[in-house]
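Peer 1: Take any residue in the sequence shown, count from 1 to its spot, add 1: that is its number in our numbering. Here you go, one structure.
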Amino acid sequence: MSEENGVKSSHASVAEIVYGIAKPFADELGLEIWDIKFLKEGPNHILRIFIDKSDGITLDDCEAMSRAIDAPLDEADPIAVSYSLEVCSPGIDRELTKDEHFEKFRGYDVKVRLVRPNDSGEKVLEGVLVDFDKEFLGVQTETEEILKINRKNISHINLNY
Numbered sequence: 002m003s004e005e006n007g008v009k010s011s012h013a014s015v016a017e018i019v020y021g022i023a024k025p026f027a028d029e030l031g032l033e034i035w036d037i038k039f040l041k042e043g044p045n046h047i048l049r050i051f052i053d054k055s056d057g058i059t060l061d062d063c064e065a066m067s068r069a070i071d072a073p074l075d076e077a078d079p080i081a082v083s084y085s086l087e088v089c090s091p092g093i094d095r096e097l098t099k100d101e102h103f104e105k106f107r108g109y110d111v112k113v114r115l116v117r118p119n120d121s122g123e124k125v126l127e128g129v130l131v132d133f134d135k136e137f138l139g140v141q142t143e144t145e146e147i148l149k150i151n152r153k154n155i156s157h158i159n160l161n162y
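Listed below in C-alpha cells is the structure:
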C-alpha cells in the first residue's frame, strides 16, 4: 500500500474507499451519497461527504451520518494525515460532477464555469442542461442556441437557482 497526498491507497482513490465504507450506512439511514471530496484548505485536510434524499437533508441527517461513519472510518484508516470530517447537504445550487447527476438534472437550469474562455470570450455560461456524453455537455441558452461544451474545459457546473 502506498501513500500519496495523505491518502493510503493501492489503486482506489480516497473518495472510492470512503464511498465503500459510507454507502451501507447511508442506505440504512435512507440517504444517498451525492459526492465525496478530500480537500486541503489552508493547513487543514477536510473529508467532505455530501448526502441527499428526496425530501431534503436536515441537520439531524448530517449528524446521524457523521456518527454512523466516524468509527468505521477510524478503523479503516484510509487517510494518513489528520483531517476533519464534514457531512453536509449538496445544497440547492449543488455541483454536478457525475453522469448520474447530469441525468437526474437534464432539463434544469445550470451555470457552467469554464477553465478557459470559450470562442466568444465567456467564462460563465447559463442555460438548460439538454444533453451530455463522455466528452461534451449540451446547454441551451436563452436564445435557444445549444452550446456544445467540452467537459475538459468545465471548472464547475452547478444548478442555477
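A virtual CB, placed ideally from N, CA and C, is assigned to each residue, including glycine. Owing to the predicted nature of the structure, the values given are computational and were not obtained by experimental measurement.
Check whether the Cβ atoms of L138 and I147 sit closer than 7 Å, and answer yes or no.
Peer 2: Against the sequence shown, residue 138 aligns to sequence position 137. Against the sequence shown, residue 147 aligns to sequence position 146. It is not a contact, given that the beta carbons lie outside the stated cut-off.
Peer 1: For R95, does the three-state DSSP call read helix, strand or coil?
Peer 2: Looking up residue 95 in the sequence shown gives position 94. DSSP places R95 in coil when its eight states are reduced to three.
Peer 1: On a CA-only basis, which of L130, H157 and D94 is nearest K124? Give me that one, please.
Peer 2: The count along the sequence shown starts at 1 and reaches residue 124 at position 123. Checking every option, the nearest Cα to that of K124 belongs to H157.
Peer 1: Looking at the secondary structure, which residues open and close the beta strand (DSSP E) in which G108 lies?
Peer 2: Taking the sequence shown and counting its residues from 1, one reaches residue 108 at position 107. Looking at the DSSP string, G108 is not in any beta strand (DSSP E), and its letter there is neither H nor E.
Peer 1: Is the distance from the Cβ of G122 to the Cβ of Q141 below 7 Å?
Peer 2: The residue you call residue 122 lines up with position 121 of the sequence shown. The residue you call residue 141 lines up with position 140 of the sequence shown. Cβ distance not < 7 Å, so G122 and Q141 don't count as in contact.
Peer 1: I need the straight-line Cα distance from D100 to L160, nearest angstrom please.
Peer 2: Position 99 of the sequence shown holds residue 100. Position 159 of the sequence shown holds residue 160. The alpha-carbon atoms of D100 and L160 are separated by roughly 14 Å.
Peer 1: From which residue to which residue does the beta strand (DSSP E) around K24 run?
Peer 2: Sequence index remark: in the sequence shown, residue 24 carries index 23 (1-based). Counting along the chain, K24 falls outside any beta strand (DSSP E), though it belongs to the alpha helix (DSSP H) covering V15 to E29.
Peer 1: Determine the closest residue to E96 out of Y109, L32, E136 and P25, with distance taken between C-alpha atoms.
Peer 2: Translated into the one-based positions of the sequence shown, residue 96 becomes position 95. Checked all of Y109, L32, E136 and P25; the closest Cα to E96 is Y109.
Peer 1: Between which residues of its own chain and D132 is the CB-CB distance below 6 Å, once the five residues before and five after are set aside?
Peer 2: As a working mapping, residue 132 is identified with position 131 in the sequence shown. Here the set comprises G139.
Peer 1: Between A77, V88, S83 and N45, which has its C-alpha nearest L60's C-alpha?
Peer 2: Here residue 60 is taken as the residue at index 59 of the sequence shown, counted from 1. When only C-alpha atoms are compared, the closest one is V88.
Peer 1: According to DSSP, is L32 part of a helix, a strand, or is it coil?
Peer 2: As a position in the sequence shown, residue 32 is number 31, starting the count at 1. Looking at L32 - three-state DSSP - the assignment turns out to be coil, as it is neither helix nor strand.
Peer 1: Nearest CA to the CA of P44: which residue from A23, S83, D71 and F106?
Peer 2: Translated into the one-based positions of the sequence shown, residue 44 becomes position 43. When each option's Cα is compared against that of P44, the closest is S83.
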